[in-house]
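*Asks:* Keeping their order, the protein sequence lines are chains E and P. When we follow the numbering used here, the leftmost residue of the first sequence carries the number -4, and every step to the right adds one. When we follow the numbering used here, the leftmost residue of the second sequence carries the number -4, and every step to the right adds one. Below: one structure in structure tokens.
2 protein chains.
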Amino acid sequence: MENNLKNEKNKPIGIFDSGLGGLTAVKAIKSLLPHEDIIYFGDTGRTPYGTKSEKTIISYANQNINFLKSKNVKMIVSACGTVSSHINKLDNPELVTGVIEPSCQAAVKLTKNYKIGVIGTSATIKSGAYTNALNKICPRAKIISQDCPLLASLIENGFIDKSSEILLKTVNTYMKKFIKEKVDTLILGCTHYPIIKDVINDVLGGHVNLINSGEETAKFIKKYLKEKNMLSEKNSLGIYNFFVSDKLNDFSERAKMFLGYDIQNCTQIININEY
Amino acid sequence: MENNLKNEKNKPIGIFDSGLGGLTAVKAIKSLLPHEDIIYFGDTGRTPYGTKSEKTIISYANQNINFLKSKNVKMIVSACGTVSSHINKLDNPELVTGVIEPSCQAAVKLTKNYKIGVIGTSATIKSGAYTNALNKICPRAKIISQDCPLLASLIENGFIDKSSEILLKTVNTYMKKFIKEKVDTLILGCTHYPIIKDVINDVLGGHVNLINSGEETAKFIKKYLKEKNMLSEKNSLGIYNFFVSDKLNDFSERAKMFLGYDIQNCTQIININEY
């Protein structure tokens, strides 16, 4: 019996995203929970999700979850802001932890003027999921949201530092509303966005709290596993296995941008339609 | 026997694209060959193709072709610059007409200084397909190419007129090379790009021939069907049926941008993985 529990505890955490953005969450988990094994799936063959319909997003997410279930994981994390915004419509919502709740909790803790901004993909913002979650935790907060359909594309294509005029112009356009409304806290509601947090910080004038949804989700996972007595008991560093539905030639560099190191050799391509 | 030939002639033309950009080709065919029936498939559930791997692009294109074959079409057109760049690697390349050959023929006819520019998705430019085709037709031409990974995203998200500073900045960045090299002809190697041809024209100074791959492909189809004695003999206007793998709420507006009219009511969603 004791052995069984130990086996359960030492199972990997399953994480999925529409692509490689979710690796920013893996990076945060690696730093906070270094002994946990991780199985990651990135749906690079069908990315992005944020410009697709609700029905398609849900159908893709269900397949991703089925894949992770087949890998015998102890919990499933949607590191995708878009999927997290539609979590209640999944086949088994009770099995999946998203990025919204943790990010909203962090934002409400930090705000002083109760003006909270949210950025995300079109599908995320349209779902109203962040606004609903924030209003539930803190009814007096004023939520200002902005869909940023270009940001993930820019980041994926390497437009990530402030020397890029296109990136600066785009961030300036998307941040106008938040500057006008004087938000003091901004949720980066897509796991791609932490990559350009310095640029966003500069454009906002350096005094706005930026909520990294990957980091907040990592904190939430730690708390959750601790409460359930399900933290890994391994002493060695966690083993990571990465799966994707497509692999570009520059996969090493792209993954490195989000995760900080090369995962080319521990990444397999799978046919997600089989799940 | 005569009836059989007539039936063959009156079969629809099959057209596919990674999404809705190929509708710019449908628009051109409608104007040039108004009596032809058309079956269109847009892979909106997996769009874009231009940022995916060669293997994935080919596998998706083969499914799209199988779908059109199941619809009993008389010819299959890839209205997708990315797929057209990989046509020789398809299961049945002999069945598919792409946009590259017609565009290159038109460019070579128009150029005076033999400096021809090409813009396309990352996968298109990386394949070298336009450069190879141009060099084959006209070995003395100097080909300057530029991948424009952001343009299709911008257009899909409605950044299409010159009042958009982000669009202007992006087009300016991508056009630098062509201005410096003084190209006199530029192939718009992605069926999205004709939507912003006025912006491109302005940035280039108004004196560069812009090749619309959809229009050139429509001309090629007319010539091809005429030569094969396969033009439709119908007197009525062609019947159009549209199929997509995902349908966003704003499908009407998006399709209208490329095609010029609303096709909401004659568009069905299919599961392309069944083909």
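Ideal Cβ positions, reconstructed from N, Cα and C, are used throughout, including at glycine.
Hey, Leu0 (chain E) and Phe36 (chain E) are a contact pair by Cβ (cut 8 Å); roughly how many whole angstroms apart?
*Replies:* Between Phe36 (chain E) and Leu0 (chain E) the Cβ distance is about 26 Å, and since that is not below 8 Å, they are no contact.
*Asks:* Could you pull the start and end residues of the alpha helix (DSSP H) that Tyr219 (chain P) belongs to?
*Replies:* Start and end: Ser208 to Glu222.
*Asks:* Using DSSP with H/G/I as helix, E/B as strand and the rest coil, what is Gly76 (chain E)?
*Replies:* Helix.
*Asks:* Compute the Euclidean distance between the alpha carbons of Ala23 (chain E) and Thr126 (chain P), then round it to the nearest angstrom.
*Replies:* Each residue's alpha carbon lies about 44 Å from the other.
*Asks:* Using a Cβ-Cβ cut-off of 7 Å (strictly less than) and excluding sequence neighbours within five positions of Leu15 (chain P), which residues of its own chain qualify?
*Replies:* The answer, listed in chain order, is Gly37, Thr39, Arg249, Ala250 and Phe253.
*Asks:* Inspect the beta-carbon positions of Asn167 (chain P) and Pro189 (chain P) and report whether they are closer than 7 Å.
*Replies:* Contact flag unset, no.
*Asks:* Using only the alpha-carbon positions, how far apart do Asp179 (chain P) and Pro97 (chain P) sit?
*Replies:* If I take the Cα positions, the gap works out to 18 Å.
*Asks:* Compute the beta-carbon to beta-carbon distance between His187 (chain P) and Leu146 (chain P), rounded to the nearest angstrom, for a pair I have assumed lies under 8 Å.
*Replies:* Confirmed, Cβ separation roughly 7 Å.
*Asks:* Between the stretch 63 to 77 of chain P and the stretch 0 to 12 of chain P, can you find at least three pairs of beta-carbon atoms closer than 8 Å?
*Replies:* The answer is yes - the stretch 63 to 77 of chain P touches the stretch 0 to 12 of chain P, with three or more Cβ pairs under 8 Å.
*Asks:* With DSSP as the reference, please indicate the residues paired to Thr92 (chain P) in a beta bridge.
*Replies:* Beta-bridge pairing links Thr92 (chain P) to P:Val72.
*Asks:* Could you give the distance in angstroms between the alpha-carbon of Leu205 (chain P) and the alpha-carbon of Gly115 (chain P)?
*Replies:* Distance between the alpha carbons of Leu205 (chain P) and Gly115 (chain P): 13 Å.
*Asks:* Excluding five sequence neighbours on each side, which residues of the same chain lie with their C-beta closer than 7 Å to the C-beta of Arg41 (chain P)?
*Replies:* The answer, listed in chain order, is Tyr55 and Ser240.
*Asks:* List the residues that DSSP assigns as beta-bridge partners of Val113 (chain P).
*Replies:* Paired residues: P:Ser140 and P:Ile182.
*Asks:* Taking all protein chains shown into account, do 16 or more other C-beta atoms lie within 10 angstroms of the C-beta of Ile33 (chain E), making it buried, or fewer, making it exposed?
*Replies:* Its Cβ being crowded by 16 or more others within 10 Å, Ile33 (chain E) is buried.
*Asks:* Could you give the distance in angstroms between the alpha-carbon of Leu162 (chain P) and the alpha-carbon of Ile191 (chain P)?
*Replies:* Cα to Cα, the separation comes out at about 9 Å.
*Asks:* Is Cys133 (chain E) near Val94 (chain E), with beta carbons less than 7 Å apart?
*Replies:* No, the pair does not count as a contact, with Cβ atoms beyond the cut-off.
*Asks:* Going along chain E in order, which residues have a C-beta closer than 8 Å to the C-beta of Arg41 (chain P)?
*Replies:* In chain order: Gly40 and Arg41.
*Asks:* Do you know how far the Cα of Lys157 (chain P) is from the Cα of Asn266 (chain E)?
*Replies:* Asn266 (chain E) and Lys157 (chain P): Cα-Cα distance of roughly 42 Å.
*Asks:* Could you name the residues of chain P that Thr119 (chain E) contacts, counting a contact when the two beta carbons are closer than 8 Å?
*Replies:* Residues of chain P passing the Cβ test: none, with the nearest at roughly 14 Å.
*Asks:* What are the start and end residues of the beta strand (DSSP E) that includes Phe11 (chain P)?
*Replies:* It spans Ile8 to Asp12 - the beta strand (DSSP E) in which Phe11 (chain P) sits, taken as one unbroken run.
*Asks:* To which residues does DSSP link Leu235 (chain E) through a beta bridge?
*Replies:* The sequence given here has Tyr at residue 235 (chain E), not Leu. DSSP output for Tyr235 (chain E) lists E:Ile33 as bridge partner(s).
*Asks:* For the beta strand (DSSP E) holding Gln263 (chain P), just list the boundary residues, first then last.
*Replies:* Its beta strand (DSSP E) spans residues Thr262 to Ile264.
*Asks:* Output yes if chain E places a C-beta closer than 7 Å to the C-beta of Thr165 (chain P); else output no.
*Replies:* Interface residue, yes.
*Asks:* Along chain P, in chain order, which residues have C-beta atoms closer than 7 Å to that of Thr116 (chain E)?
*Replies:* The premise fails here: Thr116 (chain E) is roughly 11 Å from chain P at the closest Cβ pair, so nothing lies under 7 Å.
*Asks:* Between P:Asn236, P:Asn224 and P:Glu210, which has its C-alpha nearest Gln100 (chain P)'s C-alpha?
*Replies:* Per the Cα distances, P:Glu210.
*Asks:* Are the CB atoms of Gly17 (chain E) and Thr119 (chain E) nearer to each other than 7 Å?
*Replies:* No. Outside cutoff.
*Asks:* Tell me, please, whether the CB atom of Glu160 (chain E) is closer than 7 Å to any CB atom in chain P?
*Replies:* Yes - at least one Cβ of chain P is within 7 Å of the one on Glu160 (chain E).
*Asks:* Please say whether Ser117 (chain E) and Pro144 (chain E) have beta carbons closer to each other than 7 Å?
*Replies:* The answer is yes: Cβ separation under 7 Å.
*Asks:* Taking any Cβ of chain P, which residues in the stretch 138 to 154 of chain E have a Cβ under 8 Å from it, in chain order?
*Replies:* Here the close residues are Pro144, Leu145, Ser148, Leu149, Glu151, Asn152 and Phe154.
*Asks:* Taking 6 Å as the cut-off, is the C-beta of Ile195 (chain E) nearer than that to any heavy atom in the ligand SAM?
*Replies:* Looking at this structure, you won't find the ligand SAM or any other ligand, since it has none at all.
*Asks:* Going along chain P, which residues have a C-beta under 9 Å from Asn260 (chain E)?
*Replies:* Those do not exist, as Asn260 (chain E) stays about 17 Å from chain P at its closest Cβ, beyond 9 Å.
*Asks:* Does DSSP classify Leu243 (chain E) as helix, strand or coil?
*Replies:* Correct three-state label for Leu243 (chain E): coil.
*Asks:* My assumption, with CB atoms under 8 Å, is that Asn5 (chain E) sits in contact with Ser227 (chain E). Please give the rounded CB distance.
*Replies:* Indeed, because the Cβ distance is near 5 Å, the residues count as touching under 8 Å.
*Asks:* Along the chain, where does the alpha helix (DSSP H) that runs through Ser148 (chain E) open and close?
*Replies:* Segment Leu146 to Glu151, the alpha helix (DSSP H) holding Ser148 (chain E).
*Asks:* Compute the beta-carbon to beta-carbon distance between Gly233 (chain E) and His30 (chain E), rounded to the nearest angstrom, for a pair I have assumed lies under 8 Å.
*Replies:* Correct: roughly 6 Å between the Cβ atoms.
*Asks:* Rounding to the nearest angstrom, what Cα-Cα distance links Thr92 (chain E) and Lys69 (chain E) in this structure?
*Replies:* Distance between the alpha carbons of Thr92 (chain E) and Lys69 (chain E): 12 Å.
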